[in-house]
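Everything on this sheet refers to the single structure shown next.
In the working numbering, the protein residues as written are -11 to 276.
In structure tokens:
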């Protein structure tokens, strides 16, 4: 009798299905893990890119800001070049008597602030006058105007002998031109504005200051207006110290508007050679 063959183990369908499910499930898990890793990588990359973009944007804004500031500075420099005498080295924005005026040394006037007025270059040619009211001591103050052909006088100056400005202690000296020490000095010269006897525009000034100091500059303004028919901004400021009744001098500033042909800034000394003046009262005496 022959030997019986060994029967191969039977593999049930259920076992096969279970194995297939395990294999498929394993692949899904691996796929999900890979996808999650890819998502995390993608998110991190996106964050870094956004951060880099923000940094780049910030750098760009900073550069843009620097460029704008540089542009402004360049623009400012260009403006300074256009107004090339407004902000030069050695120029100031306001007058200081102690700083700007040296002790009188024989010249009737001295240039101030590189001969550039303290007011900015005017642009309007509209004429006007602005005279300061007398102060509590009846002293004159700054007078300014924009003058042009409209303001030039058409008749001779009238009498002003009735005006008595502060410190008017008249005295005669033989060596003074016309003998009288003091003149009633117009702050804004008659030939410039045509104002005759306005008390706000007349001060006690020496003959020397009036003729040798102020007159040449007043004539410059008047002659410029006559010859060009243009306009000039002009300002004259009496300089008093404390409660003194007689000014130490006048600051004269002028600037033509339509062109740059006329410009000055000078201080005229209210002195008289060989005469000593008491500025507190107006009394005077011969120097020893």
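Yeah, the Cβ is synthetic: ideal placement off N, Cα and C, and Gly gets one too.
Query	Result
Counting Cβ pairs, one atom from each stretch, are 3 or more of them under 8 Å apart for the segment 246 to 254 and the segment 185 to 192?	no
Kindly indicate which three-state DSSP category residue 203 falls into: helix, strand or coil?	helix
Given that a residue counts as buried once 16 or more other Cβ atoms are within 10 Å of its Cβ, and exposed if not, what is residue 262?	exposed
Just the Cα atoms here: how many angstroms apart are residue 218 and residue 243?	11 Å
How far does the alpha helix (DSSP H) with residue 86 in it reach, from first residue to last?	85 to 88
Residues in the same chain with beta-carbon distance under 8 Å from residue 145, minus the five sequence neighbours each way, listed in chain order, please.	178, 184
Checking the sheet assignment: what are the DSSP bridge partners for residue 242?	222, 252
According to DSSP, is residue 262 part of a helix, a strand, or is it coil?	coil
Do residue 170 and residue 229 come within 8 Å of each other at the CB atom, strictly closer than that value?	no
Indicate the three-state DSSP secondary structure (helix, strand or coil) for residue 215 in the structure shown.	helix
Give a yes or no on contact between the segment 152 to 170 and the segment 121 to 130, applying the rule of three or more CB pairs nearer than 8 Å.	yes
Residue 271 to residue 212, Cα distance in whole Å?	37 Å
Can you list the alpha helix (DSSP H) stretches of 4 or more residues lying completely in the segment 171 to 204, in chain order?	178 to 181
Going by beta carbon distance, what residues of the same chain come within less than 8 Å of residue 148, once the five residues before and after it are set aside?	172, 184, 185, 190
Can you tell me whether residue 166 is buried or exposed? The criterion is at least 16 other CB atoms within 10 Å of its CB, across all chains shown.	exposed
With a threshold of 7 Å on Cβ separation, who are the neighbours of residue 44 within its own chain once the five nearest residues in sequence on each side are excluded?	Residue confidence is low: residue 44 scores 43 on pLDDT, short of 50, so the model does not pin down where it sits. No coordinate-derived value is stated.
How long is the line joining the alpha carbons of residue 93 and residue 221, rounded to whole angstroms?	29 Å
Strictly by DSSP, which residues pair up with residue 267?	Paired residue(s): none; residue 267 is not in a bridge.
How should residue 265 be labelled, buried or exposed, when 16 other C-beta atoms within 10 angstroms of its C-beta is the threshold for buried?	buried
Would you call residue 273 buried or exposed, if buried means 16 or more other Cβ atoms sit within 10 Å of its Cβ?	exposed
How should residue 90 be labelled, buried or exposed, when 16 other C-beta atoms within 10 angstroms of its C-beta is the threshold for buried?	exposed
Extract the residue ranges of the beta strand (DSSP E) inside the segment 93 to 173, only unbroken runs of 3 or more that lie entirely within it.	97 to 99, 116 to 119, 131 to 135
Whose C-alpha, out of 168, 80, 192, is nearest the C-alpha of residue 126?	192
Applying the criterion that 16 or more other CB atoms from any shown protein chain within 10 Å of the CB defines a buried residue, is residue 207 buried or exposed?	exposed
Hey, quick one: how far does the beta strand (DSSP E) through residue 273 stretch, first residue to last?	272 to 274
Tell me which residues share the same chain as residue 117 and place their Cβ nearer than 6 Å to its Cβ, disregarding the 5 neighbours each side in the sequence.	133
Can you tell me whether residue 158 is buried or exposed, with buried defined as 16 or more other CB within 10 angstroms of its CB?	exposed
Report the residue from 128, 110, 143, 129 whose alpha carbon sits nearest the alpha carbon of residue 135.	110
Can you tell me whether residue 6 is buried or exposed, with buried defined as 16 or more other CB within 10 angstroms of its CB?	exposed
Out of curiosity, what's the CA-to-CA distance linking residue 174 and residue 137?	19 Å
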